[in-house]
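Peer 1: Numbering of the sequence shown is given in the numbering used here, commencing with residue 994 and proceeding in unit increments. Beta carbons: idealized from backbone N, C-alpha and C, even for Gly. Values in this document were obtained by computation on a predicted structure and should not be read as measured data.
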Amino acid sequence: MNLNAYLVHYVGYIHENYISYLANFEKIT
């Protein structure tokens, strides 16, 4: 597998989880 494609996929995955995490955090506080 292309390392660049893997990194882009991985960073995108982290970014989506981070956004949803922030959204949940704002609901809690």
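Taking the alpha-carbon positions, what's the L1015 to H1002 distance?
Peer 2: Each residue's Cα considered, the two are about 20 Å apart.
Peer 1: May I ask you to report which of helix, strand or coil DSSP gives N997?
Peer 2: Helix, per DSSP.
Peer 1: How about I1012: is its Cβ closer than 7 Å to a heavy atom in the ligand SAM?
Peer 2: Looking for the ligand SAM in the displayed structure turns up nothing, as the structure carries no ligands at all.
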